[in-house]
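Mapping to the numbering used here: the sequence shown position 158 is 160, numbers consecutive.
Here is the structure we will look at.
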Amino acid sequence: MDGRDLDWWYGQGCIRARVCYDVGGGEAQNIDEAGIAYAASYLRYLADNNNNPLWTMSPEFDCSEWGLPVADAGTVLVLAKHIKPRTNSSVTYYDLARTIDGGAEATPDQLAASLLGACGSGGGMMGVTVDDTDSAYNTPAYKASGAKHQDLIVKVVRAPAV
Numbered sequence: 003m004d005g006r007d008l009d010w011w012y013g014q015g016c017i018r019a020r021v022c023y024d025v026g027g028g029e030a031q032n033i034d035e036a037g038i039a040y041a042a043s044y045l046r047y048l049a050d051n052n053n054n055p056l057w058t059m060s061p062e063f064d065c066s067e068w069g070l071p072v073a074d075a076g077t078v079l080v081l082a083k084h085i086k087p088r089t090n091s092s093v094t095y096y097d098l099a100r101t102i103d104g105g106a107e108a109t110p111d112q113l114a115a116s117l118l119g120a121c122g123s124g125g126g127m128m129g130v131t132v133d134d135t136d137s138a139y140n141t142p143a144y145k146a147s148g149a150k151h152q153d154l155i156v157k158v159v160r161a162p163a164v
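This is the structure in structure tokens:
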């Protein structure tokens, strides 16, 4: 493992750098790329229409992963995973979506840096691409919560057969 390519391991095998599952002997997920794009769009929809624009994972004792609430995602299952269990992690749905597809109007470089652009149908995981300037991170309620917009990764995998 090279520190320039993959950030060092945290306890219990939790990582934060991008890993594409079909590289280096991994197992390709064979996910519909349109489904991956849909998942990112749906997360943006939640940001715009939910009463709370934040996805939060409270501190816990392990590197849990939770399914993100993407309705009718087809072959796609999007998960959020803690990489530092003691952190009260809270990120915007926009940041989760940007991690997946580079952004609603992504440049070629932004797309290439995202899970969709870098890993495609093979699926993968990477640390959340955070926009530190998002006003959601500067509200009195966010600051009072003690939350941090860090220590989460997004995983895009094939959904289990129904």
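Ideal Cβ placement from N, Cα and C applies to all residues, glycine included.
Because the structure is a prediction, the values reported are computed rather than measured.
Per-residue DSSP class, three states only, for Val93 = strand
request  = Assign Leu154 to one of two classes, buried (16 or more other C-beta atoms within 10 Å of its C-beta) or exposed (fewer than that).
outcome  = buried
task = Compare the Cα-Cα distances from Arg20 to each of Ile102, His151, Ala161 and report the closest residue.
result = Ile102
message = Assuming Ile155 is part of the alpha helix (DSSP H), what are its boundary residues?
response = Segment 154-160 is the beta strand (DSSP E) holding Ile155; no alpha helix (DSSP H) there.
task = Mind checking which residues open and close the beta strand (DSSP E) that includes Lys83?
result = 78-84
key: Selected residue, minimal CA-CA separation from Val132, among Gly28, Arg100, Ala42   = Arg100
ask   = When you compare each of Gly124, Gly37, Asn90 to Asn27 by their alpha carbons, which one comes out closest?
value = For clarity, residue 27 is Gly in the given sequence; the question names Asn instead. Selected option, being the one with the closest Cα: Gly124.
ask   = Would DSSP call Trp11 helix, strand or coil?
value = Its pLDDT being 38, under 50, Trp11 is placed unreliably by the model, and nothing is read from it.
message = Judging by CA-CA distance, which residue of Gly122, Pro87, Ser137 is the nearest neighbour of Ala49?
response = Ser137
task = Express the C-alpha separation of Glu67 and Arg88 in angstroms, rounding to a whole number.
result = 14 Å
task = Assuming Ile38 and Leu118 form a contact by the criterion Cβ under 8 Å, report the distance between their Cβ atoms to the nearest whole angstrom.
result = 5 Å
query = What residues match up with Thr58 in a beta bridge as DSSP calls it?
reply = Ser92
ask   = Exposed or buried, Pro142, counting other C-beta atoms within 10 Å across all chains shown (16 or more means buried)?
value = exposed
query = Taking the DSSP output, what are the residues bridged to Glu107?
reply = Looking at the DSSP assignment, Glu107 forms no beta bridge with any residue, so it has no partner.
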